[in-house]
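**Q** This structure is in structure tokens; I'll ask about it shortly.
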Amino acid sequence: MLYNRPTDSAVVDFRGYSLAQSSRALLGLALGAGVLCAAGAHAQSFNSQAGIWTLQDENASIGFTGRTDRYYVNGLHVGWTSPAGEVPGWLSGFGQTVLGPGDERVSLGLLQQLYTPADTQAIDPSPHGEPYAGYLVAQLGLVADTASTRTMATLDAGVIGKDAGGEIVQNNFHSLIGQGATHGWAYQLPTEPAVDLYAARIWRAPLGHVGGLEADALPSISGMAGLTQDYLQPGLSVRIGQGLDEDFGAPLLQPASGGGDAFITTGPTAWYLYAGAYGRVVGHDETLQGSDFHTSRHVDATPVVGSFAVGAAFIWHGFRFSYTELFQTRRYHGQPGAFHEFGSFAMSGQF
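In this note's numbering, the protein residues as written are 1 to 351.
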């Protein structure tokens with residue numbers, strides 16, 4: 001049975017710049033601010049043992065093709081990763097037992113992700129489209145690095161549904177940039193707890209040199225189990241550049257398979273271009289299949305979702321900037337279009 005009782009929701013008409021234009025402008029300002037901060041660190045010595053702050057945004061409107069808001073609309077992550085070795089004793093012991101040996105770090109973060117159907121102007125969205133949903137969690141993670149591997153485990157705890165603030169964030173941001181409100185949030189998933197455990201292992205395999213540049217391969221396996229998502233995802237990415245041993249790939253927000261927020265600096269600069277392919281075997285996805293404990297809108301999730309990524313990262317004097325373009329196959333049966341495209345921009349600094 002469909003969930004058809006809307007809550008009270010004001011519909012406001014705004015006009016102005018498109019979200020794609022505004023998102024690009026905001027990312028440009030963020031990049032400029034990051035470069036200015038990095039310039040201030042130019043004279044400082046490199047500190048591979050520093051803590052790392054990360055700000056990351058993923059958005060369907062910053063892709064190469066300038067798509068409008070739909071499906072996975074936005075993901076925002078703010079996180080801190082400790083210096084290597086600075087992990088509480090009880091947590092370090094747990095990490096050594098579960099993740100294996102390596103240089104350990106602990107991470108703390110906040111993550112919000114928003115999902116909408118393709119038609120965001122319909123007051124009563126089609127029951128055959130992706131439901132409106134928000135996901136808001138606090139994150140506690142462990143990272144263990146060796147010379148050739150990175151192992152990560154992260155516990156997410158928060159809410160999915162109305163109390164995740166998806167409607168407030170999206171429509172207030174639209175109001176700020178002078179764009180019309182999204183009308184269908186009255187039919188979003190009801191609030192439920194979100195508790196999920198994410199784990200990943202990445203292997204770093206040098207491939208030699210190409211024209212004086214380094215090349216490597218990063219095979220990976222990642223997965224999540226919990227109340228909102230259950231999946232297993234193998235993947236492979238290939239990089240070419242300089243200073244590839246400073247990280248394990250560009251960061252991406254789950255369920256995409258990224259290299260994580262932690263990186264080291266062994267010289268003034270490092271950079272790389274990369275491409276990757278990933279296949280996610282889906283057991284459960286609450287953002288599509290509807291609420292676990294309430295009646296709600298829902299669609300049938302596809303059992304396998306493919307993702308393709310191309311991107312670049314640049315590390316300069318303790319700061320890392322990365323951009324990735326992702327192309328994702330259909331997540332649910334009947335989803336219009338062959339691919340959903342979105343961009344992922346992240347900047348991190350060692351302090």
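All C-beta atoms in this analysis are idealised placements derived from N, C-alpha and C, irrespective of residue type, glycine included.
Is it the case that the Cβ atoms of D261 and G102 are separated by a distance below 8 Å?
**A** Not in contact: D261 and G102 (Cβ atoms no closer than 8 Å).
**Q** Taking 8 Å as the threshold (beta carbon to beta carbon), is Q289 in contact with chain D?
**A** This model lacks chain D altogether; it includes just one protein chain.
**Q** With DSSP run on the structure shown, which of helix, strand or coil describes H174?
**A** Helix.
**Q** Let me check understanding here. Comparing Cα to Cα, which of I240, Q229 and S61 lies closest to L207?
**A** Of the listed residues, the one whose Cα sits closest to L207 is I240.
**Q** Kindly give me the distance between the Cβ atoms of T265 and E246, rounded to whole angstroms, as I take these residues to be in contact under 8 Å.
**A** The Cβ separation is near 6 Å, so the contact holds.
**Q** Determine contact between the segment 248-260 and the segment 195-203, defined as no fewer than three beta-carbon pairs at a distance below 8 Å.
**A** Judged by Cβ distances under 8 Å, the segment 248-260 makes contact with the segment 195-203, as three or more pairs qualify.
**Q** Could you pull out every unbroken alpha helix (DSSP H) segment of at least 4 residues lying fully inside the segment 210-298, listed in chain order?
**A** Those alpha helix (DSSP H) runs which fall completely within the segment 210-298 and span 4+ residues are 286-289.
**Q** Pull up the CB-CB distance for R331 and A309, whole angstroms please, since I reckon it's below 8 Å.
**A** About 16 Å separates the two Cβ atoms, so there is no contact after all.
**Q** By Cβ distance, which residues of its chain are closer than 6 Å to S222, with the 5 residues on each side in sequence left out?
**A** So the list reads A200, Q233 and S257, once near-sequence residues are dropped.
**Q** Which value, in whole angstroms, describes the spacing of the CA atoms of G34 and Y135?
**A** Any reading at G34 is ruled out, since the residue's pLDDT is 44, under 50, leaving its predicted position unreliable.
**Q** Would DSSP call S307 helix, strand or coil?
**A** In this structure, S307 counts as strand in the three-state DSSP scheme.
**Q** Go ahead and label P303 buried or exposed: buried means 16 or more other beta carbons lie within 10 angstroms of its beta carbon, across all protein chains shown.
**A** Answer is exposed; the Cβ neighbour count stays below 16.
**Q** Can you have a look at Q335 and say buried or exposed, based on whether 16 or more other CB atoms are within 10 angstroms of its CB?
**A** Per the 10 Å Cβ criterion, buried.
**Q** Which of the three DSSP states, helix, strand or coil, is assigned to V143?
**A** Three-state result, V143: strand.
**Q** Within the continuous alpha helix (DSSP H) that includes S92, where are the two ends?
**A** Start and end: G89 to V98.
**Q** What did DSSP end up calling Y72 once you bin it into helix, strand or coil?
**A** Note: Y72 maps to strand in three-state DSSP.
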